[in-house]
Amino acid sequence: MKGAGPSLPSDFELLDRWRADDQDAGNQLFQRHLDSVYQFFESKLGGDEVGDLVQRTFLACVRSRDVFRKQSSFRTYMFAIARNELYSFFRRKVGSPIDFELRSAVDLGTSPSVAAARGQRQVALIEALRSLAVDQQLILELHYWEDFDAGELGEVLGIDRTTARTRLHRARKQLRVELERRGHGSWSEP
Numbered sequence: 118m119k120g121a122g123p124s125l126p127s128d129f130e131l132l133d134r135w136r137a138d139d140q141d142a143g144n145q146l147f148q149r150h151l152d153s154v155y156q157f158f159e160s161k162l163g164g165d166e167v168g169d170l171v172q173r174t175f176l177a178c179v180r181s182r183d184v185f186r187k188q189s190s191f192r193t194y195m196f197a198i199a200r201n202e203l204y205s206f207f208r209r210k211v212g213s214p215i216d217f218e219l220r221s222a223v224d225l226g227t228s229p230s231v232a233a234a235r236g237q238r239q240v241a242l243i244e245a246l247r248s249l250a251v252d253q254q255l256i257l258e259l260h261y262w263e264d265f266d267a268g269e270l271g272e273v274l275g276i277d278r279t280t281a282r283t284r285l286h287r288a289r290k291q292l293r294v295e296l297e298r299r300g301h302g303s304w305s306e307p
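First residue of the sequence shown: 118, per the numbering used here; consecutive thereafter.
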């Protein structure tokens, strides 16, 4: 009978090794989360900004690796940094204070980069998501695409678990309204 083989090191094991100057461990940690962080930005921006924001997120992780206290998962911590980088990007672009609970990525001047081959339903969903307030888009994407639970959503957004659940409910409701407004009828869940 074959064994399962060596298990992959956890994020915290890689972080500890990286903190001890094992650069390969740091590279493994970033490679593990690269696709998710890239997708996080790509769904909101598209274009050249995506790579820059991924790089800024990873650089912020490098600068703060020794102060991360492991009170949440590394993944949650990284997405909180990604969220901050996204908000900073929008603030630089607009040049004035922004209420991310009210403004959508489309309002903030991002260009849609949806491939036509993905199908009409997916295009409709992405367009509807992009029309939501940035905070609503973030909470839905982190919940459905990154499998964040209410506690993790709260950590990323800087709110408590109950508030995260409430905002997730409101975001779902707003997404349904937006899809119906666009003529895409009865959607139960994204």
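Note that the Cβ used here is the ideal one computed from N, Cα and C, for glycine as well.
Using three-state DSSP, classify ALA177 as helix, strand or coil.
helix
Any idea what DSSP makes of ALA250, helix, strand or coil?
strand
Are ARG200 and LEU162 close, meaning C-beta to C-beta below 8 Å?
no
State whether the region 137-151 contacts the region 203-213, with contact taken as three or more CB pairs (one from each stretch) at a distance under 8 Å.
no
May I have a chain-ordered list of the alpha helix (DSSP H) segments no shorter than 4 residues that lie completely inside the region 128-195?
128-136, 140-159 and 166-181
Selection from GLN253, THR283, THR279 and ASP277 that minimises the alpha carbon distance to LEU292:
GLN253
Is the beta carbon of PHE191 sitting closer than 8 Å to the one on VAL273?
no
Please look up how many angstroms separate the CB atoms of TYR194 and VAL171, rounded, as I've assumed it's under 8 Å.
So it is not a contact: roughly 16 Å between Cβ atoms.
Can the beta-carbon of ALA288 be found closer than 8 Å to that of LEU249?
yes
Rounded separation between THR279 and TRP135 - CA only
34 Å
Can you give me the C-alpha to C-alpha distance between PHE129 and LYS187, rounded to a whole angstrom?
8 Å
CB-CB under 7 Å to VAL167, same chain, minus the five flanking residues each way: which ones, in chain order?
TYR155, PHE158 and GLU159
Return helix, strand or coil for ILE276, following the three-state DSSP convention.
coil
Does DSSP put SER124 in a helix, a strand or coil?
coil
Would ARG173 be called buried (16 or more neighbouring beta carbons within 10 Å of its own) or exposed?
buried
For GLU244, which three-state DSSP category applies?
helix
Neighbourhood of ARG282 by C-beta distance below 7 Å, restricted to the same chain and skipping five residues each side:
ALA267
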